[in-house]
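Enquirer:
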Amino acid sequence: MSKSPLKSTWTSGKSLSAIKGMIPNGSIVHTFVFHGGTLELELSKTKRFIVSHTNKYAIYEFWQCLLNDPVRVAAVADHFYPIDNKNIFYILQKNWLKYPDPFVRSGMFFLLNRLSDTGYATHGEFVDDPEISSAIQNLKKFAAQNYHLQFDKDDNIVNCIQNINTKCDYVFAPIGPFSMNLFEDGKEDTYVQSKITHKDIRKLLDTTDKSVMLLYKYSKPALEFYEGYNTTIVDQWGRTTKSDNFAKELIVANF
C-alpha cells in the first residue's frame, strides 16, 4: 500500500492527471518542499522514479521510519490514541520533538498531523478524524516502490535544487498557497515547513537548465506573478481550464 497516510496540508490531489501528462512514465523526478507525500507517492506508483527532498529533519525522520518499519510507527500511534482531551493535544504539539526515540516521534507526528486542522504536527486546532482508527491499521501495511528520500542540510530550497548531483529529468515542488506582502516573500519557516521565497523560485525558472514544475494553490496573485510562464489552471474536478471559475490549483513550469 503506497497511498499517503498523512492528511494533506493543502493539495487536493486534483492536479495529478495534469502533472502526469507533463512528466512522462519512466522519468526520474526530484521533488522538493516535501511533506504529506500525496502526489509524490501517486507518481511513484505509475512508473516514475521519485526522490523526495526535505530540509526539515522531522519530516525526513517520519518517512524514513515509516519506510523502514511501518508496524512500529503504527504501534506508537495506537498507543497514544485516542487523544480525548484537546489540551493534551496542544501539549503534545509543543513537546513531541523532545521524545528521544525516533519511532515515538514519528508515531506522534502521524497522530498530530491527522488531528490538526492545518495538517501540521507543530500547530493547528484540534479536530476529530473519524477515519483515524482505520488509518492506523493501514499504516502497518505501508510500502512504496520507486521511492526514495534525501535529507538536504541547506535551508535554501533553490540551492538544494541547484545542487542535485544525480540524474534528474524533472524537478517538482508542490509549494502550496501563494502569499506575498511588504513583510513577507513566501511561506514561513518552522520545524515542518520549508521557507519559500517566491522571487527566488521564479528566478530559478529562468536560470536553471533543469525542467522545473511548481504547484500552487490557485490564486489570481499567483497567476499574475508567473505571467509569461507556462501555466496550467486545474479546477476542482481535476480538469485543465482557461477560466478561474472553480479553479483549484495552478501548475507553473519552465518547459
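Residue numbering for the sequence shown follows numbering that gives the first Met the number 0, starting at 0 and increasing by one per position. Backbone N, C-alpha and C define an ideal beta-carbon position, used for all residues, glycine too. The structure displayed is predicted, hence computed values, not measured ones.
To which residues does DSSP link residue 171 through a beta bridge?
Expert: The partner list for residue 171 (beta bridge, DSSP) reads 30, 212.
Enquirer: For residue 66, which three-state DSSP category applies?
Expert: In this structure, residue 66 counts as helix in the three-state DSSP scheme.
Enquirer: Quick check on residue 219: does DSSP put it in helix, strand or coil?
Expert: Residue state, collapsed to three classes: helix.
Enquirer: Please give the ranges of any alpha helix (DSSP H) in the stretch 55-135, keeping only runs that are unbroken, at least 4 residues long and fully inside the region.
Expert: Complete alpha helix (DSSP H) runs here, min 4: 56-67, 69-79, 85-94, 101-114.
Enquirer: Check whether the stretch 54-71 and the stretch 91-108 touch, using three or more Cβ-Cβ pairs below 8 Å as the test.
Expert: Output reads yes: the stretch 91-108 touches the stretch 54-71.
Enquirer: Closest by CA to residue 118, which one among 148, 9, 91, 199?
Expert: The candidate whose alpha carbon is nearest that of residue 118 is 9.
Enquirer: Pick from 138, 130, 33: whose alpha carbon is nearest that of residue 74?
Expert: Of the listed residues, the one whose Cα sits closest to residue 74 is 138.
Enquirer: Measuring CB atoms only, is the stretch 95-103 touching the stretch 126-136, in the sense that at least three cross pairs come out at less than 8 Å?
Expert: Contact fails: fewer than three Cβ-Cβ distances are below 8 Å.
Enquirer: From the DSSP output, in three-state form, read off residue 233 for me.
Expert: Correct three-state label for residue 233: strand.
Enquirer: Going by beta carbon distance, what residues of the same chain come within less than 8 Å of residue 243, once the five residues before and after it are set aside?
Expert: Counting only Cβ-Cβ distances below 8 Å, and skipping sequence neighbours, we find 217, 219, 222, 232.
Enquirer: Using C-beta distances below 7 Å, list every residue in its chain close to residue 72, excluding the 5 sequence neighbours before and after it, in chain order.
Expert: The residues are 64, 65, 102, 105, 106, 109, 138.
Enquirer: According to DSSP, is residue 239 helix, strand or coil?
Expert: In this structure, residue 239 counts as strand in the three-state DSSP scheme.
Enquirer: Report the option in 125, 207, 53, 52 whose CA atom is closest to the CA atom of residue 87.
Expert: For residue 87, the nearest C-alpha among the options comes from 125.
Enquirer: Where do the N-terminal and C-terminal ends of the beta strand (DSSP E) with residue 247 fall, by residue?
Expert: Segment 246-252, the beta strand (DSSP E) holding residue 247.
Enquirer: Quick check: the Cα distance between residue 172 and residue 82, rounded to an integer number of angstroms?
Expert: About 33 Å.
Enquirer: Which residues bound the alpha helix (DSSP H) around residue 43?
Expert: It spans 37-43 - the alpha helix (DSSP H) in which residue 43 sits, taken as one unbroken run.
Enquirer: Could you tell me which residues DSSP puts in a beta bridge with residue 225?
Expert: DSSP output for residue 225 lists no bridge partner at all.
Enquirer: The beta strand (DSSP E) with residue 51 in it runs from where to where?
Expert: Per DSSP, residue 51 belongs to the beta strand (DSSP E) from 48-53.
Enquirer: How big is the Cα-Cα spacing for residue 78 and residue 52?
Expert: If you take the alpha carbons of residue 78 and residue 52, they lie about 30 Å apart.
Enquirer: To which residues of the same chain is residue 48 closer than 6 Å at the C-beta, ignoring the five residues directly before and after it?
Expert: Around residue 48: 27, 145.
Enquirer: Under three-state DSSP, which class holds residue 185?
Expert: Note that residue 185 scores a pLDDT of 49, beneath 50, so its modelled location is shaky; the value from the coordinates is reported in the next line. Here residue 185 sits in coil by DSSP.
Enquirer: Cα separation between residue 20 and residue 90?
Expert: Between residue 20 and residue 90, the C-alpha separation is close to 44 Å.
Enquirer: Exposed or buried, which one is residue 211 when buried takes at least 16 other CB atoms within 10 Å?
Expert: The residue in question, residue 211, is buried, as its Cβ has 16 or more Cβ neighbours within 10 Å.
Enquirer: Tell whether a beta-carbon distance below 8 Å holds between residue 148 and residue 62.
Expert: In this structure, residue 62 lies closer than 8 Å to residue 148 by Cβ.
Enquirer: Find the nearest neighbour of residue 80 within the set 234, 227, 152, 114, judged by alpha-carbon distance.
Expert: Checked all of 234, 227, 152, 114; the closest Cα to residue 80 is 114.
Enquirer: Between the C-alpha atoms of residue 182 and residue 225, what's the straight-line distance to the nearest angstrom?
Expert: In this prediction, residue 182 has a pLDDT of 43, which is less than 50 and means its spatial position is unreliable; what the coordinates show is noted afterwards. The straight-line gap from Cα to Cα measures roughly 20 Å.
Enquirer: Using the three-state DSSP reduction, which class does residue 149 fall into: helix, strand or coil?
Expert: In the structure shown, residue 149 sits in a strand (DSSP, three-state: E or B).
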